[in-house]
Amino acid sequence: MKKRGLADRVVKVITWGCASCSLLGLGLITLFLFREAVPLFSRVSFGGFLFGAVWRPTSDPPSFGILPMVAGSALVTFGALLVAVPFGIGVALFIGEVLPQGFRDLLKLSVEILAGIPSVVYGFFGLVVVGPWLQGVLGLPTGQTALLAALLLGVMALPTVASVAEDAVAAVPDSLREASLALGATPWQTMWRVVLPAAKSGAFAGVLLGMGRAIGETMTVLMVSGNSPVWPPSFLSPVRTMTATVALEMAEAPVGGLHYRALFAVGGVLFLFVLLLNLVGELVAHRVRRGA
Amino acid sequence: MFRKPMVAAVVLLVGLACLAGEELTLKGSTTVLPIAQLAAEVFAERFPEVAVSVQGGGSGVGIAALIDGTCDIADASRAMKPSEWARAVEKGVYPYHWFIASDGIAIVVHPQNPLQRLTLAEIKDLYTGRITNWKELGGPDLKVVTISRDSASGTYEVFKELVLSGEEPSAPGMLFQPSNAAVAEAVARTPGAIGYVGMGYLNPAIKALAVAEDEAGPYVLPSEEAVISGTYPIARPLFMITNGFPEGVVRRFIMFILSDEGQRLVSELGYVPIRSLAG
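What follows is the structure, encoded as structure tokens:
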């Protein structure tokens, strides 16, 4: 008895240690990110940084306006959601409501495999196959556009949306379905009018998490979006996202210089976006799991 | 099974190298980095007692390290600036520039583009958005898609200096690519594209244009000979910088780079050697 008590305590201490290490890591990353970024604002105004439309960090004098990048990230993410949400929720309903039990695991597995494809593979596929195809079909001067990035990110965010939404669909009690069918509703009406509304907050959480996935993705957009900080952006023009900017320019920004600090500030803005999305997503998902 | 003895052997070897050997540290330009790395590998085979360490970071970082005495050789894709000279003199460092190779930048278009040649001024007009359709240059009625490297690239800096006379490339909707290979790929897939790449990245899927300083010509295609003879206008020298006239292992390394063998490595990597090599 005594011995087991000791073992329990040891395991408890170890797990507690692991948990606090990851918390500490998060805290230190946040601290470092903002410590490196904040000195920028003694030289560049906060408004000019957020709402400036010109990004020329290596000019003399330099200009640090991230509006084209914020807009680029927003546009690409919005486009990705247009792809990922209908397909993701459709997949979730199909797995949960239509497929017979035996096939569910098979389809779930293939959706998970979709999530496991490295982003550089998506990027290369977009660059070599989808991009030139879009260019031909739409008669564009170049296929490297926001549209291409949005399509690819949509497919990449789909597994996130689908798996969270599928959990929510599975959590809908069978009594609801049975009641609906007993009242004479068709399976389609049951799925559309009863199950989906009951699962809606879970599906919403999936959408938010998918959004976090899309906005933070770097490699794919770097390869296919053209990386041009144009203002105002459109789906048929090249765009530059916040992630691509940091990835492109960090390697040679002199450490401690204004450009370096500006890139950390871009990272900070991105961090706040993703943090917010994840917090709200987790909150909603949590409520679903508790069945509220 | 044999892991432990191997680890022991490696530790022993490294230990011996540290005890008996000399150290050589190179730091600086990422453009020079491939040359420095390959040369260091071959050099280390020849002189196993020397531990050579090669780092990137950019020309500025390398030069600062040379002045602070934390590296033996600074790799640079530009000469030192007056402010750097002043700091070096202050610290008692006498920088000695060794011209070790040249780097030519090719202007490339899609192979279907009938255009054969451009002047520097025309390239500048394309990259600053004053020319937006190929028909303005006598080509087909096709929108120009300008493709640039990202602003962190050394190739970008040189292109800006030599072609745009210091202006930022600003054509609307210009594509920025993260590597020379990505520029080549994008040009090969875009009929209206114009891009610029290091000469080592030319391939049959893209077409290099002959370039002239002005309309009087001569128009010159990028080639090793044209860069060596100085007739190709978009080329820059690459340097290794030492503190004073080097001695010992630093001097051996510099001499190795300048030798026919070292220059052959330069040529293998797609850069331009400082002189024509026999064979």
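Protein sequences appear in the order of chains A and B. Each step along the first sequence adds one to the number in the working numbering, with nothing skipped, and position 201 is 416. Each step along the second sequence adds one to the number in the working numbering, with nothing skipped, and position 275 is 267. Note that the Cβ used here is the ideal one computed from N, Cα and C, for glycine as well.
Taking 8 Å as the threshold (beta carbon to beta carbon), is residue i in contact with chain A?
i       : result
B/C10   : Reliability fails at B/C10, whose pLDDT of 47 lies under 50, so the model's placement of it is uncertain and no value is given.
B/V137  : yes
B/T223  : no
B/T147  : no
B/R122  : no
B/M(-7) : Confidence at B/M(-7) is low in this model, with a pLDDT of 40, below 50, so its placement is unreliable and the value that follows should be read with caution. No - not a single Cβ of chain A is within 8 Å of the one on B/M(-7).
B/A178  : yes
B/R181  : yes
With a cut-off of 8 Å, does the C-beta of residue i fall near any C-beta of chain B?
i      : result
A/R476 : no
A/T357 : yes
A/L342 : yes
A/P347 : yes
Can you list, in chain order, the residues of its chain whose CB lies under 8 Å from that of residue i, leaving out five sequence neighbours each side?
i      : result
B/M72  : I55, A80, P87, H89 and I233
A/L492 : L423, L424, M426, G427 and I430
A/G240 : none
B/I123 : E114, D117, L129 and V136
B/A163 : L118, Y119, T120, G121, T124, V136 and T138
Residues of chain B with CB under 7 Å from residue i, in chain order?
i      : result
A/R271 : E160
Kindly list, in the order they appear in chain A, the residues whose Cβ is closer than 7 Å to that of residue i.
i      : result
B/P170 : L437 and L463
B/G165 : S443, V445, S452 and P453
B/S143 : P272, T273 and E464
B/G184 : P356
Between the options, which has its C-alpha nearest residue i's C-alpha?
i      : options                           : result
B/E217 : B/P170, B/L201 and B/S259         : B/S259
A/M457 : A/W231, A/L473, A/A397 and A/T435 : A/T435
B/I329 : B/S268, B/F248, B/E41 and B/D64   : An answer regarding residue 329 of chain B cannot be provided, because it is not within the stretch -7 to 271 covered by chain B.
A/Q480 : A/G262, A/L308 and A/F318         : Here residue 480 of chain A turns out to be Ala, not Gln, going by the sequence shown. Selected option, being the one with the closest Cα: A/G262.
B/V137 : B/N105, B/L25 and B/P40           : B/N105
A/V470 : A/V226, A/L321 and A/L255         : A/L255
B/A174 : B/P164, B/S221 and B/A185         : B/A185
A/L451 : A/T460, A/V461, A/V439 and A/A459 : A/V439
A/L363 : A/V376, A/V253, A/G317 and A/V343 : A/V343
B/R244 : B/G190, B/N172, B/P183 and B/F35  : B/F35
B/V150 : B/V101, B/A176, B/S51 and B/G84   : B/S51
A/A252 : A/V226, A/V461 and A/D320         : A/V461
Would you kindly check if the distance between the Cβ of residue j and the Cβ of residue i is under 8 Å?
i      : j      : result
A/P374 : A/L329 : yes
B/S140 : B/Y148 : yes
B/L167 : A/P453 : yes
A/F419 : A/V298 : no
B/T16  : B/V241 : Looking at the sequence itself, residue 16 of chain B is Leu, so the reference to Thr does not match. Cβ distance < 8 Å, so B/L16 and B/V241 count as in contact.
A/A307 : A/L368 : no
A/P444 : A/P277 : no
A/G354 : A/A380 : no
B/K199 : B/P132 : no
B/V219 : B/G96  : yes
B/V212 : B/S94  : no
B/G254 : B/A31  : yes
A/M371 : A/E464 : no
B/Y193 : B/G262 : yes
A/G421 : A/G303 : yes
B/I288 : B/V179 : Residue 288 of chain B cannot be examined here, being either before or after the span of chain B that is shown, -7 to 271.
A/A468 : A/L437 : no
B/F91  : B/P238 : no
A/A377 : A/V345 : no
B/I65  : B/K83  : no
Whose C-beta lies closer than 6 Å to the C-beta of residue i among residues of the same chain, with five residues either side of it excluded?
i      : result
B/A9   : Low local confidence applies: a pLDDT of 47 at B/A9 is under 50, so the model's placement there is unreliable, with the coordinate-based value given in what follows. Counting only Cβ-Cβ distances below 6 Å, and skipping sequence neighbours, we find A43.
A/L494 : none
A/A414 : A383, V384 and V387
A/S288 : I430, T456 and M457
B/Q47  : K19
A/L485 : M457
A/F293 : none
B/L134 : W126 and G184
With a threshold of 7 Å on Cβ separation, who are the neighbours of residue i within its own chain once the five nearest residues in sequence on each side are excluded?
i      : result
A/F249 : G483
A/F279 : V259, F264, G267, W270, P272 and A477
A/G351 : none
A/G220 : none
B/E207 : T111
B/Q108 : L201 and A202
So does residue i have its beta carbon nearer than 7 Å to some heavy atom of the ligand FMN?
i      : result
B/I123 : The ligand FMN is absent from the structure shown, which contains no ligands of any kind.
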